[in-house]
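A.B. asks: Under my numbering, the letters of the sequence shown match residues 105 to 305, in that order.
For glycine and all other residues, C-beta sits at the position ideal for the given N, C-alpha and C.
Here you go, one structure.
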Amino acid sequence: MKNFWNMDGHYLESCSCKGACPCLLLGSPTEGSCTALVGWHISKGQFGDTTLDGLNVVVALRSPGDMADGNWKVVLYIDQAADENQRSALMGVFGGECGGHPAVLASFIGEVLGVEYLPIRYQANDGYRHFGVGVVAETSIDAMEGQNGNYVSIHNHPLAVAPGEELIVAKSRSLRHDAYGLNFELDGRMAFYSSFSYTSD
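Shown next, in the form of structure tokens:
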């Protein structure tokens, strides 16, 4: 696919790490391996002549060691609300075939366990964020308060899903995935969210 594309919106990641997540600083996961859900809500997006506004994408992943070492096993979920052209565009972008930062993230993937088209729910309210994928996955997270009631944030971390964005630190109320042998159910673990802005090279 050679179409010019761009998208802006909001993303979250919710993972199995306890305490401050060392993966952001290229360190080892606190549990040795890392399991996570990463979700993107596209507020505005365009792929050639195809509009992507309001659609969602979620990835479930397991990294066997340091995130930056790659070899991730992933399941890709694309919003069931997407039509055929939108599905093709989202597959191309988040599958790493269309350049931009998603291609950098896709370079860490060792195996795609599956691709599914399911209803994806996204909610945002103050410091609360939620993604749900059919009946197979969901996560709910709350921003952590720091000094003066402001949310704790991270800047300029080397491993970034959304480069250049201020990352809000959160904690999970719930984190669950049950499909393709990638099964986990956790709470009280690390999570993050921010805006994102991607474009083709």
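Report the option in Ala172, Tyr115, Ser120, His261 whose CA atom is closest to the CA atom of Leu209.
C.D. replies: Measuring from the Cα of Leu209, the nearest candidate turns out to be Ala172.
A.B. asks: I'd like to confirm the pairing. Which residues does DSSP put opposite Gly208 in its beta bridges?
C.D. replies: Looking at the sequence provided, one finds Val at residue 208 rather than Gly. Answer is none; Val208 lacks a bridge partner.
A.B. asks: Flag this pair as touching only if the region 283-291 and the region 156-163 have three or more C-beta atom pairs under 8 Å; answer yes or no.
C.D. replies: Not touching, per the Cβ criterion.
A.B. asks: To the nearest angstrom, how far is it from the Cα of Met105 to the Cα of Ala193?
C.D. replies: Because Met105 sits at a pLDDT of 48, beneath the cut-off of 50, its placement in the model cannot be relied upon, and the following sentence gives the value as read from the coordinates. About 8 Å.
A.B. asks: What alpha helix (DSSP H) runs, 4 residues minimum, are completely inside the region 153-212?
C.D. replies: Whole alpha helix (DSSP H) segments, 4+ residues: 188-198, 204-210.
A.B. asks: How is Asn107 classed by DSSP in three states: helix, strand or coil?
C.D. replies: In the structure shown, Asn107 sits in coil (DSSP, three-state: anything other than H, G, I, E or B).
A.B. asks: Among the candidates Ile258, His234, Ile272, whose CA atom is the shortest distance from the CA of Asn160?
C.D. replies: Closest by alpha carbon: His234.
A.B. asks: DSSP state of Gly143, grouped into three classes?
C.D. replies: The answer is strand: DSSP assigns Gly143 an E or B state.
A.B. asks: Taking the alpha-carbon of Gly238 as reference, which of Gly174, Arg166, Asp112, Ile182 has the nearest alpha-carbon?
C.D. replies: Gly238 has its Cα closest to that of Ile182, out of Gly174, Arg166, Asp112, Ile182.
A.B. asks: Spell out the partners DSSP gives Asp112 in its beta bridges.
C.D. replies: Lys148, Ser301.
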